[in-house]
Amino acid sequence: MNIKEEASKRKTFAIISHPDAGKTTMTEKMLLLGNIIRSAGTVKGKKSGQFAKSDWMEIEKQRGISVTSSVMNFTYKDLKVNILDTPGHEDFSEDTYRTLTAVDSVIMIIDSTKGIEPQTIKLFKVCKMRGIPIFTFINKLDREGREPLDLLDQIEEVLQIETYPMNWPVGMGKGFLGILDRYNQQFVQFNGNEEESYIPFSEMENEEHREVYEHPTYQNTLEELELVEEAGDTFSMERVLAGEQTPVFFGSALAPFGVETFFDTFIQMAPPPGPRRTKEEVVYPEHESFSGFIFKIQANMNPQHRDRIAFLRICSGKFERGMNVTLARTGKTIRLGQTQQFVASSRDTVDEAYPGDIIGIYDPGVYRIGDTLLEGKSTFEYDELPSFPPEMFQRVMAKNVMKAKQFRKGIEQLVQEGAIQLFKGYPVDSYIVGAVGQLQYEVFQHRMKNEYNVEIVLESLGDRIPRWLNKEQVNPSLFDERNLLVKDRDDRFLVLFKNHFALRWFEDKHKEIELIDLLEVQQFDQAR
544 MNIKEEASKR
554 KTFAIISHPD
564 AGKTTMTEKM
574 LLLGNIIRSA
584 GTVKGKKSGQ
594 FAKSDWMEIE
604 KQRGISVTSS
614 VMNFTYKDLK
624 VNILDTPGHE
634 DFSEDTYRTL
644 TAVDSVIMII
654 DSTKGIEPQT
664 IKLFKVCKMR
674 GIPIFTFINK
684 LDREGREPLD
694 LLDQIEEVLQ
704 IETYPMNWPV
714 GMGKGFLGIL
724 DRYNQQFVQF
734 NGNEEESYIP
744 FSEMENEEHR
754 EVYEHPTYQN
764 TLEELELVEE
774 AGDTFSMERV
784 LAGEQTPVFF
794 GSALAPFGVE
804 TFFDTFIQMA
814 PPPGPRRTKE
824 EVVYPEHESF
834 SGFIFKIQAN
844 MNPQHRDRIA
854 FLRICSGKFE
864 RGMNVTLART
874 GKTIRLGQTQ
884 QFVASSRDTV
894 DEAYPGDIIG
904 IYDPGVYRIG
914 DTLLEGKSTF
924 EYDELPSFPP
934 EMFQRVMAKN
944 VMKAKQFRKG
954 IEQLVQEGAI
964 QLFKGYPVDS
974 YIVGAVGQLQ
984 YEVFQHRMKN
994 EYNVEIVLES
1004 LGDRIPRWLN
1014 KEQVNPSLFD
1024 ERNLLVKDRD
1034 DRFLVLFKNH
1044 FALRWFEDKH
1054 KEIELIDLLE
1064 VQQFDQAR
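Numbering (our numbering), first residue to last: 544 to 1071.
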């Protein structure tokens, strides 16, 4: 089988949602369909056959939340499925944003009882910005929730995207009867704890199904669906693939109901790996030379060995274990000998992989998030991954000055894997760490203590507004604790303004100094 055929069998996607919308439950149901899970919270290694807990980081076990993106892969109906499960907690958007650069499509889960929530909007905007196809699953139909038409209207109004319902619920909550599957032209009957029944529309008026067919809820739903078909958008696969229309499915992940039908339809419709943009050209999956980029680095996945793994998205060519590649940023040649694929903490050695696959490679400390790896004489680099300016800042120091070496090592490794962002005071050298939410600091503090044996002291600087500036315009005398001058890890100068008033005052007083909002620059670059 050639590279193009192998790539066409890959389906690489992420699942996004607001916390508690049902993302973890949906992921587990998919793993169950892939036959690598036997119950919630346990997964089976493909070779070992052993079951392992899916939450491997200690703080995840303590807090009962997912704080890092997990990578899971399995074979389903002759397709290679790669699921990138993203943190649902609102603080962990940065890791999630980076994960979205490695996928070809996204499943968006919405709680039918609540509708669209803030975290969903934030993540959706990133998908929209990148033109990622989005498939929507409206969850918890076995509870009383908002009317289906209201939910579709909200998606279209708030997210500014067309909707096309692939199925339609017949009732909800205690009166939930099932769904009308428009795509497969069948009624899927909800039978409580028993398996769902599939009845072709053409057979619904038969004697054995007449009780359901003549049920007032079923008849009302037929009328409602008629209105949807008359007034709704026409289905367009072209618009779906462009991220302009979202197919919408209804069901219940917990029941579970409608999940298998949804997943079967999704993997038929979701796109395989497509071309990727570099700074110089567009690279297609069937390109004979191997290439890929690192979107995540995770240290201490195995605390006994203090290892560090870089997660690589393969974009073109064929990967073979032991091959030599070039790290584009440095020009250094690296042999990829220790390579793995994952289901949570379970690992299997991978000997070959193709575009769309996600593999873990051992990182001796040479990789950065966003690095491009290339085979042969290729010299390109994939577009930079988006970096999201922190919203909160704290000074950090070691509680015990005798542990300065471990302190520096811990910070360096956690910064390299993207767990936290590091800044240094200027001209007085001090460590300042930035995050997008408070929980990120808790994880940072926990990992410094548990993995590097260093207790740290954090001194809050509060929420700050970061603005970058050209080094030629830097004048330290213009800045103080209120408007703090610092440098990022790339030695670029920026100012941490205490609030919007301080920012506006500075802009009015020093019109000659250009202040740069890094996020706006990146959004402009993405839209090119």
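Note that beta-carbon positions come from the ideal geometry of N, C-alpha and C, so glycine has one too.
Source: prediction; values computed, not measured.
Query	Result
8 Å Cβ shell around Ser921 - same chain, five flanking residues per side excluded	Ser832, Ser834, Thr869
Same chain, Cβ closer than 7 Å to Phe733, neighbours up to 5 away in sequence not counted	Phe719, Leu720, Gly721, Glu739, Phe800
At least 3 beta-carbon pairs within less than 8 Å: the stretch 978-990 vs the stretch 1041-1050	no
Gln937 to Tyr974 span [Cα, whole Å]	9 Å
Cβ shell of Ser591 (< 6 Å), same chain only, five flanking positions each side left out	Summary for Ser591: the model assigns pLDDT 46, below 50, so the residue's position carries little reliability; its value from the coordinates is reported in the next sentence. Nothing meets the Cβ criterion.
Anticipated Cβ contact below 8 Å, Thr629 with Thr644, distance rounded	Not quite, the Cβ-Cβ distance comes to about 12 Å (not below 8 Å), so this is no contact.
Cβ neighbours of Asn1018 in the same chain (closer than 6 Å, five flanking residues each side left out)	none
Those residues which DSSP pairs with Ile742 across a bridge	Phe730
Three-way DSSP call (helix, strand, coil) for Lys952 in this model	helix
DSSP-derived helix/strand/coil call for Asp1073	Only positions 544 to 1071 of the chain appear in the structure, and residue 1073 is not among them; the question remains open.
Between the CA atoms of Tyr969 and Arg1025 - distance to the nearest angstrom	14 Å
Where Asn749 sits in the DSSP three-state scheme	coil
Cβ separation of Met569 and Ala774, assumed to be a contact under 8 Å, to the nearest whole Å	Met569 to Ala774, Cβ: 29 Å. No contact.
Alpha carbon of Ile1059 to alpha carbon of Ile901, nearest angstrom	34 Å
Option nearest Val958 by Cα separation, candidates Ala842, Lys861, Leu1021, Lys948	Ala842
As assigned by DSSP and simplified to three states, the class of Ala557	strand
C-beta neighbour in chain C for Thr777, strict 8 Å	This model lacks chain C altogether; it includes just one protein chain.
Beta strand (DSSP E) segment containing Tyr905, residue limits	901-905
Residues sharing a beta bridge with Asn867, DSSP	Arg878
Between the CA atoms of Pro691 and Glu746 - distance to the nearest angstrom	25 Å
CA-to-CA distance, Lys657 to Asn996, given in whole angstroms	42 Å
Residue from His989, Tyr761, Lys623, Lys967 whose Cα sits closest to the Cα of Leu1028	Lys967
Extent of the continuous beta strand (DSSP E) to which Ala941 belongs	935-941
Local conformation of Ala550 per DSSP, three classes	helix
Status (buried if at least 16 other CB within 10 Å, exposed otherwise) for Asp693	exposed
Selected residue, minimal CA-CA separation from Glu769, among Glu705, Gly688, Leu723	Leu723
Which listed residue (Tyr925, Thr555, Leu1061) has its alpha carbon closest to that of Phe836	Tyr925
Straight-line gap, Pro932 to Val979 (C-alpha atoms, nearest Å)	8 Å
At least 3 beta-carbon pairs within less than 8 Å: the stretch 1003-1016 vs the stretch 1050-1059	yes
DSSP beta-bridge partners of Thr706	Thr789
Whole-number beta carbon distance between His561 and Glu660, since they are thought to touch under 8 Å	4 Å
Neighbourhood of Thr555 by C-beta distance below 6 Å, restricted to the same chain and skipping five residues each side	Asn625, Val646, Asp647, Gly899
Sheet register partners of Trp1011 (DSSP bridge)	Leu1037, Ile1059
Local conformation of Phe800 per DSSP, three classes	strand
Three-state secondary structure assigned by DSSP to Ala853	strand
Whole-Å CB distance - Val934 paired with Met866, under 8 Å assumed	The amino acid at residue 934 is misidentified as Val; the sequence shows Glu. Not a contact, Cβ separation roughly 41 Å.
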